Every structure is written in C-alpha cells, then in structure tokens.
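Numbering (our numbering), first residue to last: 3 to 359.
Let me begin by presenting the structure, written as structure tokens, before commenting on it.
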Amino acid sequence: MKPFEVPPWEAGAEIIEFKPVNPSGNGVGAAKKQKKKKPKKKKAAASAEVPEIKKAPGKFSYRQGGGPLAPPLASSDDDDDVEDGIRAMHKVKSGRIEKQRPPTQATKGGKKELKLKPELAQAAVEAMETTSSSTPAPNALASKLQSELLGGRFRYINEQLYSMTSRKAEALFRKDSSAFEAYHAGYRQQVEKWPTNPLNRIIKTIKKIPKTAIIGDFGCGEGKLAQSVPNKVYSMDLVAARGDIIACNITDTPLQAQSLDVAVYCLSLMGTDLNEFFLEANRLLKLHGSVYIAEIQSRFEDVRDFVRCLSACGFDLIKKDVAVNYFYFFQFKKMRHVPKNTKLKTFSLKPCLYRKR
C-alpha cells in the first residue's frame, strides 16, 4: 500500500511518509471482526416421536406437547379420541362450554315417539273434551244475543239520561214504561263488573248514625238502602220498582220541608240541572242535616268547582274521599237555608258512557 502523500503548497515542502495502517489493530478505525455464528445444537430426539395431528377440514389443528403434564400418548387407533380431548381442553380454556346433549328419543317408523306422563295425558284429554263442549248451543246463543241487545238498550238510555234535564227524563219513562226496567237490568250487569259497590259503603255509614234519623234516598233505583238499614227511609225515583218507592221527580218531591235528617245520592246525579237537585235537598233537610254522595271518579273534571257549586246551594264540605279507585265519596252539611226559587248557575258532571264489551 502506497504512503499517504501531502501535496506541496509551498516551496521546499517535504514529503512526509506515514506508515501504513494495520487493519488488524485495535485502534480507531479498525474494522470489526465478524463473529462466526455457532451452529445450534440439536436437542436430543425424544424416545418416541410425538404424533402430529393432521388438520381436518373446517377444524383447528393442535400439536400435542411433551411436557411432564402432557396427557399420555395415544396410539394411532384412537386418534379421534385424542383430537376430541384436545379440542375439549381448548374450549374450556377459551371459556366455551357445551352442554351435553340428551340421548335421542326412541323412534318408531323413522319418527320420534313422544312419551307423556299419565297425568299430562289425562289433562290433554280433558282439555279436548272441554273444547268440544264449548260450542254454544242454540239456547246459549239466543241468550247471548238477548244479553247484547239488553246491553245496547241500556247504553242508549244511559246516554239520554246524562244529556237531558230531570223533567225530560221523567217524560221519557212516562212515555215508555219498559225503558226503566231495561235500564236497571243493564245497570245490574254493570254493577257485577265493578270492583266494589258504592252503595254498600253508604249502607255501612248510615248504620253508624242514630236509628231515629230520617233518610231520603234520591234516585233509589230498586230501593236496596231502605231494605238494609233500620232507619225510616223515603225511597224516591222516576219510576216505582216496588210499592214502598215514591215515583216522582227528585227535583220536586211531595215531602214536607225540613223533614229529613240525611239525603243520599248514590250514582244518581244524572242530568244537566244538578242545581235543582240540591236546592230541593236544601228544602227537605233540617239545618245541619247531612248529604252523602257517591259518584264515579271519571265524571269529575274539577272537584273544587263541584264543592263551590254545592256551597252555593247552602252546603259545606265535611269530608271527601277521592283516593278510592273508581269512586268518589263526599259528605256535606246544610249550614243555611236557600230558597227553592233562587237563581243559580246550572252545573252538571261529565256523562259516564259505557262502552260496548
């Protein structure tokens, strides 16, 4: 290798010779020796070769380990068992557990044979007999049709009574004497569907007052109140269903003034002139006499407005129960006399219209 020469830049410059660089030296710039890779030592072969499971189409392939916890080697005859075992271990490790399928039921003629317990079979037979006997007979069908016709007439009369004055209602029943019976027959069907009968609560209340108190049942219907309490009861309605019931318009009764201690209106505030109802009650009640009212909850838009209307008729609210489902109950007391001819604002409650079921 030639020495490194520095070109002369001035006259008389000397040529300096440098010794050649030793490539095997440890100095700077020395080339690093590349280490030779030692060949890896092959591990000693196992005493017996571990069989490699071939990958089946659509399944995972696994290679069985040879550690101390590895399962015993299987022969080539039960490769399927080994594969199923390893696959089951993999499912448990990955969190998937399959439920064992119950053995298939015995077949008969290529179809599964259904075996029922004796009690289940008997119940199925009884259900079939009940279904076959539920077909309506001609008499049952006629009875059902008659019930629907009766319900339809009740709904029609009920709607008429809510939308007219008491005097027009009186003329309606006078013109058609069978309408009253048809109305109360349908009314009895409705009572059976109610969660409770409000008249029963009023009966319990009346039984707590003195037996000497005289009661007026306005819109009595069939007069059940008079048959349930020991007090003297004047039962009044547009039509007399019994001999002891007074047939009259409850806004103009034949009773003498201040002859009653208690007035009862149980689901009878029908019509568009309720102010006439309570002016008549004011005329008949003694001072501090009580008024008990039971009505359907949905008929009240504003309870406070209803209380104000009765106050104008001379009654103050003593107690109310509007927490009972479906019905409201009130107790008023007559605090002052209001003449029958007093001109008051006409008021009414919302009509209660029954839907066809």
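Note that CB positions come from ideal geometry on N, CA and C, so glycine has one too.
Treat the numbers as computed from the prediction; the structure is a model and nothing was measured.
Check                                                                                                               : Outcome
Burial state of residue 324, where buried means 16 or more other Cβ atoms lie within 10 Å                           : exposed
Boundaries of the alpha helix (DSSP H) in which residue 188 is found, first to last residue                         : 180-195
Buried/exposed call for residue 270, threshold 16 Cβ in 10 Å                                                        : buried
Secondary structure of residue 202, DSSP reduced to three states                                                    : helix
Three-pair Cβ contact test at 8 angstroms for the stretch 289-298 versus the stretch 260-268                        : yes
Neighbourhood of residue 166 by C-beta, 7 angstroms cutoff - its chain only, sequence neighbours within 5 removed   : 273 and 274
Cβ neighbours of residue 208 in the same chain (closer than 6 angstroms, five flanking residues each side left out) : 231
Residue closest to residue 288, alpha-carbon to alpha-carbon, out of 326, 330 and 340                               : 340
Three or more C-beta pairs below 8 angstroms linking the stretch 307-318 and the stretch 335-349                    : yes
Pairwise C-alpha distance: residue 256 and residue 173                                                              : 18 angstroms
Expected contact under 8 angstroms - CB spacing of residue 180 and residue 216 to nearest Å                         : That belief does not hold up - the Cβ atoms of residue 180 and residue 216 are roughly 33 angstroms apart, past 8 angstroms.
Sequence-distant residues of its chain with Cβ nearer than 6 angstroms to residue 301 (five each side left out)     : 351, 352 and 354
Any beta strand (DSSP E) of 3 or more consecutive residues that is wholly inside the stretch 202-273                : 216-220, 234-239, 247-249 and 262-268
Exposure label - residue 164; buried when at least 16 CB within 10 Å                                                : buried
Cβ pair residue 252, residue 224 closer than 8 angstroms                                                            : no
Nearest neighbour of residue 254, chosen from 177, 279, 213 and 246 [CA to CA]                                      : 279
Reference residue 343, options 290, 284 and 159, closest by Cα                                                      : 284
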